[in-house]
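Asks: Protein chains in written order, with full-length UniProt numbering: chain A, 1 to 410; chain B, 1 to 410; chain C, 1 to 410; chain D, 1 to 410. The structure's right below; bear with me while I get my questions together.
4 protein chains.
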Amino acid sequence: MKIGTTHLFVPGPTPVPEVVRRAMNVPMEDHRAPDLPDFVLDLLADLARVFRLREGRVLVYPGSGTGAWEAAITNCLSRGDRVLMSRYGQFSHLWVDMARRLGLDVVCHDVEWGEGVPVEAYAQELRADPSIRAVFVTHNETATGVTSDVRAVRQAMDEAGSDALLFVDGVSSIASLDFRQDEWGVDVAVAGSQKGFMLPAGLAILGLSEKALAAAERSTTERCYLAFRDMITANDVGSFPYTPPMPLLHGLRASLDRLLDEGMDDVVARHHRLAEGVRHGVKAWGLDLCALAPRWYSDTVSAVRLPDGVDGAAVCRIAYHRYRTSFGGGLGKVAGRVFRIGHLGDVNEVSCLSALAAAEMALLDAGVDLEPGSGVAAAQAYFRQALAAEGSRPGPWWSATAGPRLTAVT
Amino acid sequence: MKIGTTHLFVPGPTPVPEVVRRAMNVPMEDHRAPDLPDFVLDLLADLARVFRLREGRVLVYPGSGTGAWEAAITNCLSRGDRVLMSRYGQFSHLWVDMARRLGLDVVCHDVEWGEGVPVEAYAQELRADPSIRAVFVTHNETATGVTSDVRAVRQAMDEAGSDALLFVDGVSSIASLDFRQDEWGVDVAVAGSQKGFMLPAGLAILGLSEKALAAAERSTTERCYLAFRDMITANDVGSFPYTPPMPLLHGLRASLDRLLDEGMDDVVARHHRLAEGVRHGVKAWGLDLCALAPRWYSDTVSAVRLPDGVDGAAVCRIAYHRYRTSFGGGLGKVAGRVFRIGHLGDVNEVSCLSALAAAEMALLDAGVDLEPGSGVAAAQAYFRQALAAEGSRPGPWWSATAGPRLTAVT
Amino acid sequence: MKIGTTHLFVPGPTPVPEVVRRAMNVPMEDHRAPDLPDFVLDLLADLARVFRLREGRVLVYPGSGTGAWEAAITNCLSRGDRVLMSRYGQFSHLWVDMARRLGLDVVCHDVEWGEGVPVEAYAQELRADPSIRAVFVTHNETATGVTSDVRAVRQAMDEAGSDALLFVDGVSSIASLDFRQDEWGVDVAVAGSQKGFMLPAGLAILGLSEKALAAAERSTTERCYLAFRDMITANDVGSFPYTPPMPLLHGLRASLDRLLDEGMDDVVARHHRLAEGVRHGVKAWGLDLCALAPRWYSDTVSAVRLPDGVDGAAVCRIAYHRYRTSFGGGLGKVAGRVFRIGHLGDVNEVSCLSALAAAEMALLDAGVDLEPGSGVAAAQAYFRQALAAEGSRPGPWWSATAGPRLTAVT
Amino acid sequence: MKIGTTHLFVPGPTPVPEVVRRAMNVPMEDHRAPDLPDFVLDLLADLARVFRLREGRVLVYPGSGTGAWEAAITNCLSRGDRVLMSRYGQFSHLWVDMARRLGLDVVCHDVEWGEGVPVEAYAQELRADPSIRAVFVTHNETATGVTSDVRAVRQAMDEAGSDALLFVDGVSSIASLDFRQDEWGVDVAVAGSQKGFMLPAGLAILGLSEKALAAAERSTTERCYLAFRDMITANDVGSFPYTPPMPLLHGLRASLDRLLDEGMDDVVARHHRLAEGVRHGVKAWGLDLCALAPRWYSDTVSAVRLPDGVDGAAVCRIAYHRYRTSFGGGLGKVAGRVFRIGHLGDVNEVSCLSALAAAEMALLDAGVDLEPGSGVAAAQAYFRQALAAEGSRPGPWWSATAGPRLTAVT
């Protein structure tokens with residue numbers, strides 16, 4: 001008997017806002033109807049704004065983020081191409097694995113899990129080996145809660161005079177962390193619907209620079225379902241090469257409306273504020289993040305290291321069954337040694353406090369020695385201060401008119 | 001720009017469970033279709049089980065709880081009838097007001113807000129005045145968070161040899177607090193859809209004993225829309241005298257399924273556990289409840305008294321605007337002096353902790369001196385202990401099969 | 001096993017438009033939240049526009065249309081008041097019954113079912129009896145598909161120098177047929193949510209002239225739940241005297257947006273066009289309407305008279321079970337002798353053709369001698385002509401840009 | 001201003017049943033939660049029952065049917081493999097195109113559009129060329145409304161002693177037409193969610209024989225996102241290799257419940273009955289189907305040939321804009337020369353009549369000379385006869401109890 005909503009704090013899928021959920025609840029429609037093209041063309045144009053992409057285009061496939069990883073490789077590269085990659089978590093690990101299975105010649109740098117992309121090592125490789133055709137970065141490693149410096153990688157590429165393509169996995173960063181495709185010179189950016197876009201899984205999204213689009217015309221890798229060319233030809237007239245998942249497209253419309261209405265800078269600031277609160281809580285528990293230094297801290301997911309002898313799977317199991325709260329478990333190398341709190345999408349301060357409150361109980365039950373309520377108290381202090389600062393700006397809720405009305409409650 | 005769900009902790013309407021919400025999302029249908037009667041008859045039969053009513057029947061009107069108050073009076077009593085009532089909060093106050101406006105001769109006992117029904121005073125009145133035709137009790141006074149002893153009132157009536165009808169306002173008690181219509185000899189029980197039934201407002205529900213049904217045949221009060229007779233005639237063939245609000249009836253079906261599946265004893269126990277946790281939190285803050293003694297404590301709503309100089313409306317305003325959390329304000333005599341936390345319906349332990357966490361921030365911002373995190377920590381301690389006891393029972397989530405699967409998460 | 005949507009052609013509830021249905025699917029919210037008043041005030045203002053009411057106000061209760069009938073009487077009249085009414089169908093019959101039960105002194109004119117309000121008889125009564133305090137008209141009698149001339153009644157009242165109030169039951173006319181509260185001098189107009197407003201049942205709606213509002217201050221009838229005064233006091237600050245059914249209010253918001261966007265004149269014209277098509281079909285079958293002359297024809301519901309020996313209940317039963325189509329049966333005096341096709345709300349030409357197609361099969365199966373397809377063909381001819389005329393106006397779908405796009409379908 | 005539902009008669013996506021639509025409206029959940037595996041394992045087991053597959057397994061990918069086409073090829077075949085294919089419509093054409101782009105050595109037989117798979121030519125090829133590794137059949141060609149004889153192809157393969165794999169595109173046949181994977185010896189069956197499964201697009205579904213699964217272990221084609229091995233490893237523990245589109249999986253659960261409750265034989269019979277009605281209508285118009293002989297007639301889609309000089313795109317355009325009805329246009333070689341009526345999924349007799357009624361008006365407006373109402377009348381005659389036969393079986397609606405209740409309608 002499940003009573004009460006299960007509280008969801010995995011780093012994707014994230015809670016879907018009501019307005020988005022309603023937008024997806026549509027009857028079926030003819031995807032070749034004459035009024036669809038306008039809808040599609042506007043949608044793609046607004047989607048590009050979230051990538052901060054003007055010079056290029058975005059593509060949306062029915063698929064998962066993994067499908068977008070594959071589309072990036074099979075369209076822009078050819079078997080045998082030499083590429084520079086690095087591994088610092090389960091998801092960067094899986095992308096390397098995919099690249100090898102798809103026939104790329106991967107130069108892979110392994111980094112300690114808890115750090116991010118090794119910019120200096122990349123710089124050396126790029127200077128030493130001009131045959132590198134693409135450089136891969138996992139912008140936000142969801143398994144460890146580490147955000148890497150994409151701009152620095154671009155700078156290293158430029159300094160080395162590399163003409164390689166820059167591939168970025170932005171699945172758990174785009175639409176929540178700061179991401180600037182044009183400005184950072186990202187050629188292929190990969191995203192999925194179930195993270196910052198606050199939708200169910202089911203859309204594989206790519207942001208492509210003009211250079212990436214040109215490369216796709218030259219690739220000799222066989223591909224058809226995920227081929228850019230077929231999608232572009234159809235998109236050019238506001239259509240798709242096969243039946244699109246219309247509910248998700250309507251949901252994306254509503255999600256874009258909300259993101260762009262809030263403004264991407266404010267979206268980024270909000271995720272930072274919520275993450276800071278959570279980190280204050282973790283610190284108050286006396287625990288460490290998986291991310292080894294503040295510059296790696298992720299604003300969308302915090303992976304918390306557990307003391308020796310405490311099983312991360314047990315923490316998640318207790319939280320789920322006893323407290324109806326879902327956290328992410330440890331993956332790959334850190335399985336059992338961390339648990340992860342997702343704080344992205346449609347979350348706010350009180351949601352994050354409930355995550356901390358539930359985590360405290362599960363940690364205590366699992367044998368961690370911490371002061372009950374301490375994490376909540378530390379986050380509360382931070383949030384009160386942060387929101388008081390917000391509140392001092394003139395805003396709708398602090399206005400004279402709102403006040404009297406509430407006072408009149410009887 | 002509203003980001004993240006607004007957290008709802010008013011004492012009604014309460015969060016609607018997903019399964020109930022889905023059940024209400026239906027296309028329109030012919031309310032005279034031949035398969036409707038079976039649906040209606042089963043629904044009414046199961047609804048009576050929640051009232052623990054076998055000797056009598058339940059009626060459901062399109063309306064609010066206030067409509068059910070009026071139906072109770074106009075159907076079972078006649079203008080000029082002498083009735084015994086008491087006031088100890090805004091809702092008992094309003095029922096007295098209605099009774100007078102509808103022409104009853106009300107003997108009213110005023111009690112300090114924070115206490116409940118004055119059983120001893122009732123007993124004296126009943127012994128002294130055999131002309132009293134009905135005795136009214138507000139089972140759970142939502143404005144003060146006070147639960148009264150209905151069984152004791154019945155006992156007093158019996159001891160006084162009264163043949164009056166016993167009217168009970170169970171709007172914020174039925175389907176969440178212990179309520180036993182047959183056993184307690186309640187003749188007219190009034191409920192609404194938006195509290196323990198976890199539905200939107202819109203259904204006025206009455207539980208009627210055989211004695212109440214007989215009284216309704218004798219009443220001379222004019223009534224038509226809310227007349228029992230018309231409703232009973234239609235209900236007898238599984239129909240309604242006018243177009244019923246079908247989405248709410250489908251929602252009620254789903255709500256009853258959940259309540260009866262959980263079991264009414266467990267529903268009551270759950271509400272008690274959640275309320276206890278909240279009360280531990282309030283105590284840790286150093287604040288008092290509006291309810292003046294533990295025997296009055298309500299398990300569905302806690303009204304918290306504020307220190308002098310702190311405005312309850314400001315607490316609610318800050319919680320709503322700054323922390324996206326809705327609490328109930330003070331009503332009537334206690335306006336501005338209390339704020340109320342609803343903990344009924346589809347809530348669980350972590351929901352209650354988030355209520356306490358949000359309240360702490362709003363109280364601190366409003367100038368209350370309390371230890372941040374203290375209420376959360378006190379509630380956590382209680383919940384951990386309570387749920388560990390639950391967990392030691394053999395249950396689905398503690399089983400051998402569930403364990404390994406979770407461990408296998410990668 | 002029900003396969004495929006049941007096709008709904010009862011004269012209420014009517015199909016709910018997708019956009020309205022989505023709007024109702026909301027989580028619960030605090031009905032005393034500070035941003036609710038703006039929502040409520042705008043809603044009531046726009047609702048008045050559908051009534052074409054500027055001099056007065058509209059009120060919305062949780063209830064059914066029957067509740068609105070009662071609110072009209074108990075608020076504006078006192079027991080013993082003399083009122084002029086007439087009966088020409090089940091719903092006018094029931095209003096007379098209610099008026100008597102609530103203590104009015106009813107002068108009732110019975111008219112053959114199939115005709116409407118007897119204007120000349122009313123005129124005579126009004127000239128003869130200046131003590132008449134209110135005149136009642138059922139604008140659209142849903143049981144017989146008869147629309148009455150409200151404007152003519154007002155004229156008769158004025159010519160007789162009557163200062164009586166004019167009460168109009170507009171449950172199945174307002175928001176679909178031409179209705180002009182100010183212009184026609186209607187004092188009390190009664191509506192429900194489940195007809196032209198395209199919502200589920202659950203809202204009792206009243207449009208009130210200033211004169212009606214003044215009369216309500218003088219009435220001595222006891223009432224509380226449906227009292228105008230309590231509702232007005234709350235509405236004045238954008239609130240309600242008890243918990244409102246928020247999903248229906250959000251649905252009403254969406255419904256008003258659609259009605260006002262289409263424009264009330266176009267709403268009326270559309271209902272006329274659809275009704276005309278249906279009537280062409282009925283005529284082609286060789287059957288008669290219950291309405292005895294064209295001036296009584298209703299544009300929201302057509303009641304079709306059946307040949308002797310054919311049971312209307314059988315027609316409905318066959319349609320429902322065999323063809324998954326719901327029609328309205330005969331009520332009261334015409335039970336078994338008619339069946340009714342509702343064509344109001346979110347319907348269009350093809351919906352009406354499917355109603356005719358289903359009806360033809362059920363009629364044939366029930367033994368009616370008609371030419372299969374004849375009704376459909378006659379309606380098609382009318383619709384083709386009517387829509388071609390529409391199409392000759394410059395419109396979005398006939399534009400140059402829409403054409404090529406559709407041609408490009410591959 | 002769109003008034004009234006747009007009537008949807010494209011051959012996919014098809015109308016989604018209410019119960020399925022409600023099932024998809026879920027909040028997000030942790031796809032690694034411990035109770036998910038049971039859900040997933042049951043889902044896949046029941047899905048196999050729709051394929052009538054016991055010896056093998058089904059796989060479900062986030063993707064479209066095109067993705068399933070590609071997964072079939074890249075997993076079970078290697079570049080350079082010789083395969084036997086045929087083209088008789090746009091979709092069989094596209095699969096040939098994909099096979100060539102993915103590097104297969106395609107032996108392709110072109111057949112007149114309107115016929116189906118050339119069994120005799122296949123038999124000759126198979127006898128002559130033992131190097132053929134796979135034989136492809138488009139079971140139901142959606143562009144022409146042609147169903148092919150898969151069983152005969154299997155027989156030809158067996159007679160030729162071929163050990164090739166049999167690939168079948170069942171996108172518009174599985175879950176609506178008779179399909180028997182085990183019995184017919186189909187090795188790879190491809191389906192999508194948006195046709196017989198009555199869901200939105202977004203799931204690529206494959207049914208795989210043991211032989212196909214073994215072949216997949218030997219294929220040297222690079223693949224990762226759509227690799228069977230990764231999916232099987234995850235499925236074996238009730239999981240997915242990446243975040244699954246949970247709303248669609250919940251919808252699939254509801255869809256399977258309905259299909260299996262109706263029974264696959266009854267599902268097939270219902271589609272046949274509806275298609276027969278539509279074909280009677282088309283014949284009455286004096287028009288021909290694109291399918292050149294009755295043995296090719298498809299029970300899920302009817303492509304109607306237009307007289308010379310009539311533009312199929314105009315028919316669709318008029319139907320869509322003027323009559324709010326979506327039909328499928330002609331694709332590829334028959335663009336402009338046919339229009340298509342989809343009659344699969346959650347449709348019933350009255351839906352099909354409304355399709356015919358709308359089509360008649362659009363055809364007349366586009367200049368086709370036909371008798372108005374003639375198609376509707378012919379289909380009505382067929383449906384009345386067919387359903388009367390159904391009705392003579394003892395059923396719930398013909399029972400004694402249902403009758404009286406309906407008779408009692410007043």
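Heads up, the beta-carbon is just placed ideally off N, CA and C, and yes, glycines get one too.
According to a CB-to-CB cut-off of less than 8 Å, which residues of the stretch 115 to 138 of chain D neighbour chain A?
Replies: Answer set for the stretch 115 to 138 of chain D: empty.
Asks: L365 of chain A touches chain B at which residues, Cβ-Cβ below 8 Å?
Replies: Taking the first residue of the first sequence as 1, we reach residue 365 of chain A at position 365. Correcting the residue identity first, residue 365 of chain A is Asp in this sequence and not Leu. Correct list: R384, A388.
Asks: Do V40 of chain A and S239 of chain A have their CB atoms nearer than 8 Å?
Replies: The residue labelled residue 40 of chain A in the question sits at position 40 within the first sequence. The residue labelled residue 239 of chain A in the question sits at position 239 within the first sequence. Against a cut-off of 8 Å, the Cβ pair of S239 of chain A and V40 of chain A comes out as a contact.
Asks: Using the beta-carbon of each residue, which ones in chain B are nearer than 7 Å to C224 of chain C?
Replies: Locating residue 224 of chain C in the third sequence gives position 224, where the first residue counts as 1. Those within 7 Å of C224 of chain C in chain B are E70, M98, R101, L102.
Asks: Hey, how far is the Cα of F197 of chain D from the Cα of M246 of chain D?
Replies: Reading the fourth sequence from its first residue, position 197 is the one you call residue 197 of chain D. Reading the fourth sequence from its first residue, position 246 is the one you call residue 246 of chain D. Answer to the nearest angstrom: the Cα atoms are 16 Å apart.
Asks: Go ahead and pull the three-state DSSP assignment for D105 of chain B.
Replies: Reading the second sequence from its first residue, position 105 is the one you call residue 105 of chain B. Strand, per DSSP.
Asks: Taking Y323 of chain D as part of the alpha helix (DSSP H), name the residues at either end of that continuous run.
Replies: The residue you call residue 323 of chain D lines up with position 323 of the fourth sequence. Note, Y323 of chain D: alpha helix (DSSP H), 312 to 323.
Asks: When you compare only the Cα positions, how much space is there between R258 of chain C and L344 of chain C?
Replies: As a first step, residue 258 of chain C is located in the third sequence; it is residue number 258 there, counting from the start. As a first step, residue 344 of chain C is located in the third sequence; it is residue number 344 there, counting from the start. The alpha-carbon atoms of R258 of chain C and L344 of chain C are separated by roughly 14 Å.
Asks: Buried or exposed: G219 of chain B, going by 16 or more other Cβ atoms within 10 Å of its Cβ?
Replies: Within the second sequence, residue 219 of chain B is the residue found at index 219, counting from 1. The sequence given here places Ser at residue 219 of chain B; Gly does not occur at that position. When all chains shown are included, S219 of chain B counts as buried.
Asks: Is the beta carbon of R322 of chain D sitting closer than 8 Å to the one on L387 of chain C?
Replies: Counted from its first residue, the fourth sequence places residue 322 of chain D at position 322. Counted from its first residue, the third sequence places residue 387 of chain C at position 387. In contact: R322 of chain D and L387 of chain C (Cβ atoms closer than 8 Å).
Asks: For D110 of chain C, which residues from the same chain have a beta carbon less than 6 Å from its beta carbon, with the 5 sequence-adjacent residues on both sides left out?
Replies: Taking the first residue of the third sequence as 1, we reach residue 110 of chain C at position 110. If we look at D110 of chain C and ignore the five residues flanking it on each side, its Cβ neighbours are R87.
Asks: For L36 of chain C, would you say it is in contact with chain B, using Cβ-to-Cβ distances shorter than 8 Å as the test?
Replies: Position 36 of the third sequence, counting from 1, holds the residue named residue 36 of chain C. No - not a single Cβ of chain B is within 8 Å of the one on L36 of chain C.
Asks: Taking only three categories from DSSP, how would you classify D266 of chain B?
Replies: Here residue 266 of chain B refers to the residue found at position 266 of the second sequence. Helix, per DSSP.
Asks: I need the DSSP call for residue 422 of chain B, collapsed to helix, strand or coil.
Replies: The requested residue 422 of chain B does not occur in the structure, where chain B is confined to residues 1 to 410.
Asks: Please decide whether S92 of chain C counts as near chain D, where near means a Cβ-Cβ distance under 8 Å.
Replies: Numbered from 1 along the third sequence, position 92 holds the residue referred to as residue 92 of chain C. False, the Cβ-Cβ gap to chain D never drops below 8 Å.
Asks: Going by Cα to Cα distance, which pick from B:I3, B:L47, B:Q181, B:T144 is closest to F91 of chain B?
Replies: Translated into the one-based positions of the second sequence, residue 91 of chain B becomes position 91. Nearest option by C-alpha distance: B:T144.
Asks: Go ahead and pull the three-state DSSP assignment for E349 of chain C.
Replies: Position 349 of the third sequence, counting from 1, holds the residue named residue 349 of chain C. Note: E349 of chain C maps to helix in three-state DSSP.
Asks: For I174 of chain B, decide whether its Cβ has a neighbour in chain A, counting only Cβ atoms nearer than 8 Å.
Replies: Counted from its first residue, the second sequence places residue 174 of chain B at position 174. No, its Cβ sits nowhere closer than 8 Å to a Cβ of chain A.
Asks: Which of the three DSSP states, helix, strand or coil, is assigned to Y88 of chain B?
Replies: On the second sequence, position 88 is the one that residue 88 of chain B refers to. Of the three classes helix, strand and coil, the one that applies to Y88 of chain B here is coil, per DSSP.
Asks: Is the CB-CB distance between L102 of chain B and I73 of chain B below 8 Å?
Replies: To locate residue 102 of chain B, count along the second sequence from 1; it is residue 102. To locate residue 73 of chain B, count along the second sequence from 1; it is residue 73. Their beta carbons are under 8 Å apart, which means L102 of chain B touches I73 of chain B by this criterion.
Asks: Using the Cα positions of G56 of chain B and G207 of chain B, report the straight-line distance between them to the nearest angstrom.
Replies: Taking the first residue of the second sequence as 1, we reach residue 56 of chain B at position 56. Taking the first residue of the second sequence as 1, we reach residue 207 of chain B at position 207. Going from the Cα of G56 of chain B to the Cα of G207 of chain B covers about 8 Å.
Asks: Can you confirm whether V409 of chain B, when its beta carbon is compared against all beta carbons of chain A, has any partner nearer than 8 Å?
Replies: Here residue 409 of chain B corresponds to residue number 409 of the second sequence, with the count starting at 1. Unreliable placement is indicated for V409 of chain B, whose pLDDT of 22 sits below 50; the coordinate value is still reported in the next sentence. Closer than 8 Å: yes.
Asks: Near R393 of chain C, what residues of its chain come up, given a Cβ to Cβ distance below 6 Å and the 5 sequence neighbours on each side ignored?
Replies: Position 393 of the third sequence, counted from the start, is the residue given in the question as residue 393 of chain C. Low confidence applies here, because R393 of chain C scores a pLDDT of 40, under 50, leaving its location unreliable; read the following figure in that light. Cβ within range, chain order: n/a, list empty.
Asks: Is it buried or exposed, Q194 of chain A, if we count other Cβ atoms within 10 angstroms and call 16 or more buried?
Replies: Position 194 of the first sequence, counted from the first residue, corresponds to residue 194 of chain A. Classification for Q194 of chain A: buried.
Asks: Determine, for A23 of chain C, whether the minimum Cβ-Cβ distance to residues of chain B falls below 8 Å.
Replies: If you number the third sequence from 1, residue 23 of chain C lands on position 23. Judged by the 8 Å Cβ criterion, A23 of chain C is not in contact with chain B.
Asks: Output yes or no for whether 8 Å exceeds the beta carbon distance between S162 of chain D and V301 of chain D.
Replies: Mapped onto the fourth sequence, residue 162 of chain D falls at position 162. Mapped onto the fourth sequence, residue 301 of chain D falls at position 301. It is not a contact, given that the beta carbons lie outside the stated cut-off.
Asks: If we ignore side chains and look at the alpha-carbon of each, how far apart do I232 of chain A and C316 of chain B end up?
Replies: Numbered from 1 along the first sequence, position 232 holds the residue referred to as residue 232 of chain A. Numbered from 1 along the second sequence, position 316 holds the residue referred to as residue 316 of chain B. Roughly 52 Å separates the two Cα atoms.
Asks: Out of A:T66, A:L289, A:G342, point me to the one whose CA is closest to R223 of chain D's CA.
Replies: Against the fourth sequence, residue 223 of chain D aligns to sequence position 223. Nearest option by C-alpha distance: A:T66.
Asks: Taking only beta-carbon atoms, is P11 of chain D less than 8 Å away from chain A?
Replies: In the fourth sequence, residue 11 of chain D corresponds to position 11, counting from 1. By this cut-off, P11 of chain D is not an interface position.
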